[in-house]
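Protein chains in written order, with the numbering used here: chain R, 1 to 230; chain A, 1 to 255.
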Amino acid sequence: MTDLAVTESSPHTPAEAGGAPEDRSEVVRFDVNERVVHWTTAVLMLTLIFTGAVLYIPTLSLAIGNRGTVEQIHVICGIALLVPLVLGLAGPWRHLLVRDLRRVDRWGRSDFDWFRSRGRRKALERDKFNGGQKLEAAFLGAAMVATLVTGLIMRYAPSSWINWATGATLVHDTLFWAIVIAVGAHIVIALSRPDQLVSMMRGRISRVWAREHSAAWLDEIDGARTVRGR
Amino acid sequence: MPDRPTDDTMPARLPDVPGATTPRSGRARDRTVHVGRRTVLGILGLTGVGIGAGAKLDSVVGPALTRVGSSLGGLGALLPGANGFRYYTITNSYPKLARDTYRLSVTGMVDHPLTLSLADLRSMPRTDLVHTFQCVTGWRVPDVHWQGVKLADVLARAGVQPGATALRFFSGDGAYTESLTLAQARLPDVLVADKMLAADVTTQHGGPVRMYIAPMYGYKSIKWLDRIVVTNRVVPGYWEDNGYPVDAWIGGTQP
């Protein structure tokens, strides 16, 4: 088990020094494992969306052609889609990822409140992720599994399963649009929030940001560190 | 679910530690609900229902969705379950064969090699079929009107020689190939089609002339039909080389 003080606090601001101004210091939001899982999954997902659109949308099918090749790329990326996540959970490097998945699972009152009123959002005592982010992550996780299963049926089921393949196609196509909306929203929102986008690239985010947006999470980190340092 | 200490060092388990500055998050965590896993399980459950009931749902809701889809014009094809055609082409583009210069050649183990124009095909006995176009991956377009000449009639006109057992089909796109056994080729619902959807076969659908092999999955119905070669062994075609069955009976067995 890695030491929390190492994992989540910034080396620039040893808590016991106490002298550094808080607005400059940073905390770790995503560790290397989480960022590798995120970006490899992102590349696979975008490739799947693009190749899927070519296979599905008639205008694109005719414009791009090469269906055999496009299909192979789509199938290979689809089979690989969950590999980064599984590997990210498979070793001793998994701890932050496991805890973040647990946050996605467990919703407190602030997560429900987040959906109820835009105006009150700033006043909520928020976890590391807000309700919208948690819903997004849970949906995309489930959609990845569901598209993988339905895709495998569409491509590899014996030809006597044709009715299941028809059902699988219906689900796969419906999820295509839902995923396009979810990933599209994810990208638009990420681009409009550079602090968080950069934290998924460099791993760190400012303590000021954390205090303003994820106070409950910051308290957790500091609390855990206080306990450690005791 | 109980916390597993190896993975979870969140302060929820440390409320009684002096100096832990986590009263707010600790309190919030007391009332957590497992929304995440319920969301995941719910979506996976719906997926299971969709796979199991999708074909039935498709035949019940499909016609209504098709009407909605056609009212949306081209966008209708994008509606899941609206039973629109998907356009397959395995080359960079697709061949635009002129109708007036089109020729279908029938060669190989035949007594009279043929070169048939569209007019030649249309002077032969015509067959009409209303039948589903079923893709092996699951999508289908019900009640498509097909019209053309029975392949059996074309073969009779060419005179298949003794010893011939199979056919090879070549597309005008230079890449797409297909195969049938001679027995399959002589089935009454195997057409050399020059009309579908009550019109000339469009270029996107494989026109001027394509195959329509009703009892088999769509990939057997080769588009932009250019050449038929009668031979004595089955040579798997493009999609068979990509892992799909050579004997592509819908449902797995010959009806």
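Just so you know, even glycine gets a beta-carbon here, dropped at the ideal spot from N, CA and C.
From a predicted model like this one, the values you see are computed outputs, not experimental measurements.
Residues bridged to R120 of chain R (per DSSP): Mapped onto the first sequence, residue 120 of chain R falls at position 120. None, per the DSSP bridge assignment.
Proximity below 8 Å, CB of I43 of chain A to CB of F139 of chain R: Here residue 43 of chain A refers to the residue found at position 43 of the second sequence. Here residue 139 of chain R refers to the residue found at position 139 of the first sequence. Taking the C-beta atoms as reference points, F139 of chain R is found nearer than 8 Å to I43 of chain A.
Within 10 angstroms of its Cβ, does Y217 of chain A collect 16 or more other Cβ (buried), or is it exposed? Here residue 217 of chain A refers to the residue found at position 217 when the second sequence is read from its first residue. Y217 of chain A sits buried, since 16 or more C-beta atoms from the chains shown fall within 10 Å of its C-beta.
Could you tell me the distance, in whole angstroms, from the CA atom of V28 of chain R to the CA atom of A90 of chain R? Taking the first sequence and counting its residues from 1, the one referred to as residue 28 of chain R is at position 28. Taking the first sequence and counting its residues from 1, the one referred to as residue 90 of chain R is at position 90. So the alpha carbons of these two residues sit roughly 21 Å apart.
Nearest chain A C-beta to G88 of chain R closer than 8 Å, yes or no? Position 88 of the first sequence, counting from 1, holds the residue named residue 88 of chain R. Under the Cβ distance rule, G88 of chain R does not count among the residues neighbouring chain A, no pair being separated by less than 8 Å.
Kindly say whether T165 of chain A, judged by its beta-carbon, lies nearer than 8 Å to any beta-carbon of chain R. On the second sequence, position 165 is the one that residue 165 of chain A refers to. Taking Cβ atoms only, chain R never reaches closer than 8 Å to T165 of chain A, which makes this a no.
Beta carbon of R126 of chain R nearer than 8 Å to that of A224 of chain R: For this step, residue 126 of chain R is matched to residue 126 along the first sequence. For this step, residue 224 of chain R is matched to residue 224 along the first sequence. Annotated as distal: R126 of chain R and A224 of chain R, with beta-carbon spacing of 8 Å or more.
Is the beta carbon of K223 of chain A less than 8 Å from the beta carbon of P188 of chain A? Taking the second sequence and counting its residues from 1, the one referred to as residue 223 of chain A is at position 223. Taking the second sequence and counting its residues from 1, the one referred to as residue 188 of chain A is at position 188. Against a cut-off of 8 Å, the Cβ pair of P188 of chain A and K223 of chain A comes out as no contact.
Contacting positions in the stretch 88-106 of chain R - beta carbon closer than 7 Å to chain A: Those residues of the stretch 88-106 of chain R that come within reach of chain A (Cβ to Cβ, closer than 7 Å) are H95, V98, R99, R102, V104, D105, R106.
I'd like to know whether the C-beta of G141 of chain R is nearer than 8 Å to at least one C-beta of chain A. What you label residue 141 of chain R is simply residue 141 of the first sequence in a count that begins at 1. Chain A contact via Cβ: present.
With a Cβ-Cβ cutoff of 8 Å, do Y94 of chain A and T165 of chain A count as a contact? On the second sequence, position 94 is the one that residue 94 of chain A refers to. On the second sequence, position 165 is the one that residue 165 of chain A refers to. Cβ distance not < 8 Å, so Y94 of chain A and T165 of chain A don't count as in contact.
Could you confirm whether any beta carbon from chain R is found closer than 8 Å to the beta carbon of Q254 of chain A? Taking the first residue of the second sequence as position 1, residue 254 of chain A is located at position 254. Taking CB atoms only, Q254 of chain A has no neighbour in chain R less than 8 Å away.
Assuming the contact rule is C-beta atoms closer than 8 Å, G163 of chain A and M109 of chain A should be a hit. Round their C-beta distance to whole Å, please. The residue you call residue 163 of chain A lines up with position 163 of the second sequence. The residue you call residue 109 of chain A lines up with position 109 of the second sequence. Contact between G163 of chain A and M109 of chain A holds: CB atoms are separated by about 7 Å, below the 8 Å threshold.
Does DSSP put W239 of chain A in a helix, in a strand, or in coil? Here residue 239 of chain A is taken as the residue at index 239 of the second sequence, counted from 1. Reduced to three states, the DSSP call for W239 of chain A is helix.
Output, in chain order, the set of chain A residues within a Cβ distance shorter than 8 Å of L46 of chain R. Within the first sequence, residue 46 of chain R is the residue found at index 46, counting from 1. Going along chain A, no residue has its Cβ under 8 Å from L46 of chain R, so there is no contact; the nearest lies around 19 Å.
Leaving out five residues before and five after I73 of chain R in sequence, what residues of the same chain have Cβ atoms less than 8 Å from its Cβ? The residue you call residue 73 of chain R lines up with position 73 of the first sequence. Its chain contains T47, T51 as the residues whose beta carbon lies nearer than 8 Å to that of I73 of chain R, once the 5 sequence neighbours on both sides are disregarded; these appear in chain order.
Please determine, among R:L218, R:R211, R:A178, R:N33, the residue with the shortest C-alpha to C-alpha distance to V232 of chain R. With chain R covering only 1 through 230, there is no way to say anything about residue 232 of chain R.
Nearest CA to the CA of V235 of chain A: which residue from A:T177, A:Q184, A:L118, A:P208? Along the second sequence, read from residue 1 onward, the residue named residue 235 of chain A stands at position 235. Out of A:T177, A:Q184, A:L118, A:P208, A:T177 has the C-alpha closest to the C-alpha of V235 of chain A.
Considering only C-alpha positions, which residue in the set R:V43, R:S110, R:R24, R:A190 is nearest to C77 of chain R? For the purposes of this step, residue 77 of chain R is identified with residue 77 of the first sequence, where counting begins at 1. That would be R:V43, whose Cα lies nearest to the Cα of C77 of chain R.
D58 of chain A touches chain R at which residues, Cβ-Cβ below 8 Å? The residue given as residue 58 of chain A occupies position 58 in the second sequence. Within 8 Å Cβ-Cβ: T166, G167, L170.
Anyone know if the C-beta pair for A158 of chain A and P113 of chain A falls short of 8 Å? The residue labelled residue 158 of chain A in the question sits at position 158 within the second sequence. The residue labelled residue 113 of chain A in the question sits at position 113 within the second sequence. Using a Cβ distance threshold of 8 Å, A158 of chain A and P113 of chain A count as a contacting pair.
Could you tell me if P80 of chain A is buried or exposed, where buried requires 16 or more neighbouring beta carbons within 10 angstroms of its beta carbon? Here residue 80 of chain A refers to the residue found at position 80 when the second sequence is read from its first residue. So P80 of chain A counts as buried.
Could you tell me which of A:A199, A:T91, A:F170, A:K56 sits nearest to E71 of chain R, measuring between CA atoms? The residue given as residue 71 of chain R occupies position 71 in the first sequence. Measuring C-alpha to C-alpha distances from E71 of chain R to each of A:A199, A:T91, A:F170, A:K56 identifies A:T91 as the nearest.
Applying a beta-carbon distance threshold of less than 7 Å, which residues of chain A neighbour M154 of chain R? The residue you call residue 154 of chain R lines up with position 154 of the first sequence. In chain order: T137, G138.
Confirm, please, whether the CB-CB distance from L170 of chain R to D120 of chain A is below 8 Å. Within the second sequence, numbered from 1, the residue matching residue 120 of chain A stands at position 120. Within the first sequence, numbered from 1, the residue matching residue 170 of chain R stands at position 170. Contact: no.
Start and end of the alpha helix (DSSP H) containing F50 of chain R? Here residue 50 of chain R corresponds to residue number 50 of the first sequence, with the count starting at 1. Counting along the chain, the alpha helix (DSSP H) containing F50 of chain R begins and ends at 32-56.
Give me the DSSP bridge partner(s) of Y212 of chain A. Here residue 212 of chain A corresponds to residue number 212 of the second sequence, with the count starting at 1. When beta bridges are read from the DSSP output, Y212 of chain A appears opposite A:L191.
Using only the alpha-carbon positions, how far apart do T21 of chain A and W209 of chain R sit? Here residue 21 of chain A corresponds to residue number 21 of the second sequence, with the count starting at 1. Here residue 209 of chain R corresponds to residue number 209 of the first sequence, with the count starting at 1. Because the pLDDT of T21 of chain A is 40, which lies under 50, any placement of that residue in the model is unreliable, and the number read from its coordinates should be weighed accordingly. Cα to Cα, the separation comes out at about 19 Å.
Looking at V154 of chain A: is its Cβ nearer than 8 Å to the Cβ of V106 of chain A? Locating residue 154 of chain A in the second sequence gives position 154, where the first residue counts as 1. Locating residue 106 of chain A in the second sequence gives position 106, where the first residue counts as 1. Their beta carbons are under 8 Å apart, which means V154 of chain A touches V106 of chain A by this criterion.
Buried or exposed (CB count within 10 angstroms, at least 16 for buried), I181 of chain R: Counting from 1 along the first sequence, the entry for residue 181 of chain R is found at position 181. So I181 of chain R ends up on the exposed side.
Minimum C-alpha distance to S179 of chain A - residue among A:T231, A:V40, A:G76: Locating residue 179 of chain A in the second sequence gives position 179, counting from the first residue. Of the candidates A:T231, A:V40, A:G76, the one whose C-alpha sits nearest the C-alpha of S179 of chain A is A:T231.
Sort R:D100, R:A137, R:W217 by Cα distance to A185 of chain R and report the nearest one. Along the first sequence, read from residue 1 onward, the residue named residue 185 of chain R stands at position 185. Comparing Cα positions, the closest option is R:A137.
Proximity test, Cβ basis, 8 Å: T181 of chain A and chain R: Within the second sequence, the letter at position 181 stands for residue 181 of chain A. Judged by the 8 Å Cβ criterion, T181 of chain A is not in contact with chain R.
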